[in-house]
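**Student:**
Numbering (my numbering), first residue to last: 452 to 678.
(1) Would you report the Cα separation of residue 457 and residue 664, rounded to the nearest angstrom?
(2) Return helix, strand or coil for residue 523, following the three-state DSSP convention.
(3) Which word fits residue 640, buried or exposed, when buried means at least 16 other C-beta atoms lie within 10 angstroms of its C-beta?
(4) Go through its chain and collect everything with a Cβ distance to residue 560's Cβ below 6 Å, but skip five positions before and after it.
(5) Based on the DSSP output, what are the partners of residue 495 in its beta bridges?
(6) Judging by CA-CA distance, which residue of 499, 521 and 602 is the nearest neighbour of residue 531?
(7) How would you call residue 572, buried or exposed, if buried means at least 16 neighbouring beta carbons within 10 angstroms?
(8) Quick one, which of 524, 535 and 625 has its alpha-carbon nearest residue 515's?
(9) So, do the region 637-654 and the region 604-618 have three or more beta carbon pairs nearer to each other than 8 Å?
(10) So, are the CB atoms of residue 523 and residue 547 less than 8 Å apart?
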């Protein structure tokens, strides 16, 4: 597997044991890069806050007034825009970009080579796949899943059911909670899954309608990123 498409791990990124103040104490070069004691470098804007036990990758850039939460990981070569917030225990993949003023929730994962637009919000516990693109001013709900190489230019249709969120995963797959299936598979297996999850017949009928609505939205609005 190409190194650019592996989620960052402790082996591939520098474990940040320095405070923001200690990093600011390192004089930047003419281009604004600060060389860290281990040889890695970082470009960090003004008034940046980095939480405890966070890990920042080599060649990463963090914009003015941004916040990296506790226990989070920023992959190599990634960019965090001005005024953005990365929640606690979240991961930003290698060579990814988080736009200005965006918020990534706690315990979320953004894949490698992905882009989150300006002023967008990604909910807690959500996962965005490798190489995906989320447009400006978009909102992705909590515990959502977006597949690899998916482009969404605006906030997707997401419907909160009685128990689970219904959301588009890709051009041909729909997620309900943590279960992701094609529309045909939902039509075939939906009732048995609802029974297994303890969902009433009335609520199961509502979920069938929600899945059809989200599938129709996905077919019209989601595209596959060209490689």
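Ideal Cβ positions, reconstructed from N, Cα and C, are used throughout, including at glycine.
**Tutor:** According to the structure shown:
(1) In the chain shown, counting from the first residue as 1, residue 457 sits at position 6. In the chain shown, counting from the first residue as 1, residue 664 sits at position 213. Its pLDDT being 46, under 50, residue 457 is placed unreliably by the model, and the measurement read from it follows with that caveat. One C-alpha to the other measures close to 34 Å.
(2) One-based indexing of the chain shown puts residue 523 at position 72. Three-state DSSP puts residue 523 in coil, outside helix and strand.
(3) In the chain shown, counting from the first residue as 1, residue 640 sits at position 189. By the 10 Å Cβ count, residue 640 comes out exposed.
(4) The count along the chain shown starts at 1 and reaches residue 560 at position 109. For residue 560, where only same-chain residues beyond five positions count, the Cβ hits under 6 Å are 542 and 578.
(5) Position 44 of the chain shown, counted from the start, is the residue given in the question as residue 495. Residue 495 pairs with 513.
(6) Reading the chain shown from its first residue, position 80 is the one you call residue 531. Comparing Cα-Cα distances from residue 531 to each of 499, 521 and 602, the minimum goes to 499.
(7) Counting from one through the chain shown, the residue named residue 572 turns up at place 121. Buried, because 16 or more other Cβ atoms sit within 10 Å of the Cβ of residue 572.
(8) Translated into the one-based positions of the chain shown, residue 515 becomes position 64. Taking only the C-alpha atoms, the option nearest residue 515 is 535.
(9) yes
(10) One-based indexing of the chain shown puts residue 523 at position 72. One-based indexing of the chain shown puts residue 547 at position 96. Contact flag unset, no.
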